[in-house]
Amino acid sequence: MDWDVVVESFPLIWKGASKTVSLFAWSLAAGTVLGLAVALMKLSSAKPLSWFATLFSWLFRGVPLLILLFYAFFALPEVGWLLSPFWAAVLGLSLWTAAYQAEAIRSGIIAVDHGQTEGSDALGMTRSHTMRRIIIPQSIRIMVPPFTSNATTLLKQTSLATLVTVPEMTLLTQRIFSNNFKFIEPIFVLAMIYLAMTTVLIIGQQIVERAFRLKT
Amino acid sequence: MELDWGVVARAWDLLIDGTWVTLQLFAWSLLLGTVLGLVLALMRLSKYRVLRWVSLGYVWLFRGIPVLVALFFAFFVFGRQVGLSALQAGVLGLGTSAAAYKAEIIRAGIMSVDPGQFEAAECLAMTRRRYMRRIIIPQGIRVMVPTYMSNTILVLKVSSVAVAIGIVELTGITRQLSNSTNRPIELFTAAALIYLFLTTVLIVLQEFLERRFALKT
Amino acid sequence: MSSDALVTVSGLHKSFGDVEVLRGIDFEVRRGEVVAIIGPSGSGKTTMLRCVNLLERPSAGRIEVDGQVLCEQQADGSMSFSGKAEIRAIREHVGMVFQKFNLFPHFTAVENVIEAPMAVRGMSRQDANARAFELLESVGLAHKADSYPLQLSGGQQQRVAIARALAMDPGLMLFDEVTSSVDPELAGEILLVMKRLAQDGMTMLVVTHEMGFAAEVADRVLFIDHGVIVEEGPAKEVLGDPKRQRTRSFLRAVLERAPMVEDGMDDDGQ
Chain V
11 MDWDVVVESF PLIWKGASKT VSLFAWSLAA GTVLGLAVAL MKLSSAKPLS
61 WFATLFSWLF RGVPLLILLF YAFFALPEVG WLLSPFWAAV LGLSLWTAAY
111 QAEAIRSGII AVDHGQTEGS DALGMTRSHT MRRIIIPQSI RIMVPPFTSN
161 ATTLLKQTSL ATLVTVPEMT LLTQRIFSNN FKFIEPIFVL AMIYLAMTTV
211 LIIGQQIVER AFRLKT
Chain C
11 MELDWGVVAR AWDLLIDGTW VTLQLFAWSL LLGTVLGLVL ALMRLSKYRV
61 LRWVSLGYVW LFRGIPVLVA LFFAFFVFGR QVGLSALQAG VLGLGTSAAA
111 YKAEIIRAGI MSVDPGQFEA AECLAMTRRR YMRRIIIPQG IRVMVPTYMS
161 NTILVLKVSS VAVAIGIVEL TGITRQLSNS TNRPIELFTA AALIYLFLTT
211 VLIVLQEFLE RRFALKT
Chain E
30 MSSDALVTVS GLHKSFGDVE VLRGIDFEVR RGEVVAIIGP SGSGKTTMLR
80 CVNLLERPSA GRIEVDGQVL CEQQADGSMS FSGKAEIRAI REHVGMVFQK
130 FNLFPHFTAV ENVIEAPMAV RGMSRQDANA RAFELLESVG LAHKADSYPL
180 QLSGGQQQRV AIARALAMDP GLMLFDEVTS SVDPELAGEI LLVMKRLAQD
230 GMTMLVVTHE MGFAAEVADR VLFIDHGVIV EEGPAKEVLG DPKRQRTRSF
280 LRAVLERAPM VEDGMDDDGQ
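As given, the protein sequences belong to chains V, C and E, one line each in that order.
If you want this note's numbering, it's the position in the first sequence, counting the first as 1, plus 10.
If you want this note's numbering, it's the position in the second sequence, counting the first as 1, plus 10.
If you want this note's numbering, it's the position in the third sequence, counting the first as 1, plus 29.
Written out as structure tokens, the structure reads:
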């Protein structure tokens, strides 16, 4: 391994880091909001809503992420919805992560003791008040591990955006080695950057877990 | 916007060819991932610190990088040195990534077995090799089945990433067909349905295995 | 050390981290004796039992079982232990029954009993099965041979566990609070099996809360508290007229609820 090439490659690949993080942040935000909606739909007593939620989960967890990305990139323009590669990727990533986050969120809500709801009912609190002040804080604590685990996976999966021509880190790495045919150095740099990012997320997860443990 | 589903019928043979490559990638990388994962799990539980640390390091590395990067390593770096075909490099990249997850699943399964089982076997003078094989691992398997199978379903879907190193599996062939016929909606929908079918088969298998391994009460 | 001592323990100390659980234990078990070990929870009685077959490794002391030294302290103060093969050889002749039964849940009752004789003694399946049926018969469970542990009551599971330990033809049996995890009305069937075993001459070391059993079946009783043997002697004496105040107050607290050993039971022990 030629360390000079490693040092040269780093800034070139790092330029893509902001795109990577951007993809991650947008998809995480949209995916979480959507996931929350799906989770609530799944828990709702209205049959059509819970059926839709089940369908959503089955569909977006049963199909590979890459198919979703290709759908957003190749198929949507056919129906007149022309998205830039970046937004097509965000769309695909958001739908995909929403399906998994919906499960994480739902497990957090149902895991909280049913007795809490009954206790609050007995005290005459309204359902939404109960949700907000009693159930949600406890649910969040249970949700944190699967949620951040999904988020870490999402970060890594942004690498697939390279296949729909988004200039994030992986694409820039491919450009380097298809130009100068030096493979190991840029791929090594790419791996190290991802490793650093995912490790930061893991540490962040432990901090959040500890914070929520003390709070309640 | 007119949909021509006939294009799927005409392309069906090619889609099946692609599916067949997907299944090969899936089967071989699952095998590699499971065997390597078992080795890593046992290393992690070993009394030798070096083995534990190597296992820990492996899992941290392969869970910290995207599968795509592992595939790049397997194909562009390792494969070129050793002379691997794209398919072989694909299996290597997918399998070594999967092994990191399988290792954790297997380890959790073994650790979930009640320590009392170990003690009873030891007090009956059984050797470690014997009781791991007869008593501990079978019970660990029972606990592992749900997470092992849901990870296995993931391995199937992740095989689609192999398109990035030029392997023409289902996703790859669909992309080619879509570009040449300009019918992305029909073709990608067909590919999606094929994947859904395959994952549903695995889900059914999972439920069967969960019932089969359940303790009789 | 008496010549017919099967177990000799001297100077036994055991610490878990900073906590010293056993603070100098000395005792002997002679061949054919039934020794009951009683004491409050946290007294160290289970730890002491588990040291005898090296499930716990003593921090200090010497343990000898059937002529084999399991562990002893060296001149420089460090502890030396028997090797794995030697420990296994000893455990072939020392049976143990656990509070939580620890039956293998994926094996039937008879499969639980034949596993060790086949694996360790190389017995043929036929011979092992024959012997297993005999043993299950002797604990009143021949009709449940093909049942799985989760299909059995606690009392039945524990009796299978006893049969499993007996399958190795041990010279010494260790019992670790074997009735504590069982509904009180089912404890009797287990104690009856143990009583018969004692009558047949088995050497037994029994950690128990069942004072009635100890009074009726044990030859000697050891009362342990805070990691030391407070009082020991013939069962009738220690339980009937203890010399130490601590023994008295312990017995007073416990004896209010001591069940007596059942004398008659049908085949199923119900």
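Glycine residues also receive a C-beta, built at the ideal position from the N, C-alpha and C atoms.
- Taken through DSSP and simplified to helix, strand or coil, E/ARG249 comes out as strand.
- Nearest Cα to E/GLU115 within the set E/ALA89, E/VAL98 and E/GLY71: E/VAL98.
- When E/GLU214, E/GLU93 and E/LEU179 are compared, the shortest CA-CA separation from E/ASN131 is found for E/LEU179.
- The Cβ atoms of C/ALA51 and C/ILE116 sit closer than 9 Å to each other.
- The continuous stretches of alpha helix (DSSP H) do not include E/ALA65, which lies in the beta strand (DSSP E) extending over residues 63 to 67.
- DSSP, read as helix, strand or coil, puts E/PRO271 in coil.
- Closest option to V/VAL100, judged by alpha-carbon separation, among V/SER37, V/PRO196, V/GLN184 and V/ILE23: V/SER37.
- In the DSSP assignment, no residue is bridged to V/VAL43.
- For E/LYS43, the enclosing beta strand (DSSP E) covers residues 34 to 45.
- Rounded to whole angstroms, the separation of the alpha carbons of V/ALA40 and V/PHE222 is 23 Å.
- The Cβ atoms of V/ALA112 and V/PHE66 lie closer than 9 Å to each other.
- Burial is judged here by how many other beta carbons sit within 10 angstroms of a residue's own beta carbon; E/ARG86 has fewer than 16 and is exposed.
- Across the structure, C/ALA174 and V/LEU173 are spaced so that their CA atoms are roughly 7 Å apart.
- Comparing alpha-carbon positions, the option among V/LEU211, V/PRO177, V/SER159 and V/ARG71 lying closest to V/LEU33 turns out to be V/PRO177.
- Residue environment analysis places C/MET121 among the exposed positions, since fewer than 16 neighbouring C-beta atoms fall within 10 angstroms of its C-beta.
- Along the stretch 64 to 75 of chain V, the positions whose C-beta sits under 7 Å from a C-beta of chain C are GLY72, VAL73 and PRO74, read in chain order.
- C/TYR205 reaches chain V at GLY72, VAL73, PRO74 and ILE77, counting residues in chain order whose Cβ is nearer than 8 Å.
- For E/THR232, the secondary structure class from DSSP, reduced to helix, strand or coil, is strand.
- Counted as a single uninterrupted DSSP element, the stretch harbouring C/GLU114 is not any beta strand (DSSP E) but the alpha helix (DSSP H) occupying residues 96 to 121.
- Residue environment: V/MET11 is assigned as exposed (fewer than 16 neighbouring CB atoms within 10 Å of its CB, all protein chains considered).
- In chain order, GLY74, ILE75, PRO76 and VAL79 make up the part of chain C whose C-beta sits under 9 Å from the C-beta of V/TYR204.
- Linking V/LYS192 to V/THR209 through their CA atoms gives a straight-line distance of about 27 Å.
- Taking all protein chains in view, the Cβ of E/PHE45 is surrounded by fewer than 16 other Cβ atoms within 10 Å, so the residue is classified as exposed.
- For V/LYS166, a Cβ of chain C is located within less than 9 Å of the residue's own Cβ.
- E/LEU84 places its beta carbon 9 Å or farther from that of C/GLU179.
- Distances from the CA of E/VAL48 to each of E/HIS255, E/LEU280, E/ARG277 and E/VAL283 were compared; the closest alpha carbon is that of E/HIS255.
- Fully contained in the stretch 148 to 215 of chain E are the following alpha helix (DSSP H) runs of length 4 or more, in chain order: 154 to 167 and 183 to 195.
- Of all alpha-carbon atoms in C/GLU220, C/LEU197, C/ALA19 and C/ILE213, the one lying nearest the alpha-carbon of C/SER160 is that of C/ILE213.
- E/ALA244 carries a helical assignment under DSSP once its states are collapsed to helix, strand and coil.
- Per DSSP, the continuous alpha helix (DSSP H) segment holding C/GLN149 begins and ends at 147 to 168.
- Counting along the chain, the unbroken alpha helix (DSSP H) around V/GLN111 starts and ends at 95 to 121.
- For V/SER169, the closest Cβ of chain C is nearer than 9 Å.
- In the three-state reduction of the DSSP assignment, C/GLU132 falls in the helix class.
- At least one CB of chain E lies nearer than 9 Å to the CB of C/LYS226.
- Cβ-Cβ distances below 8 Å link E/ALA194 to GLY124, MET125, VAL126 and MET202 in the same chain, with the five nearest sequence neighbours on each side left out; the list follows chain order.
- DSSP places C/GLN34 in the uninterrupted alpha helix (DSSP H) bounded by 16 to 54.
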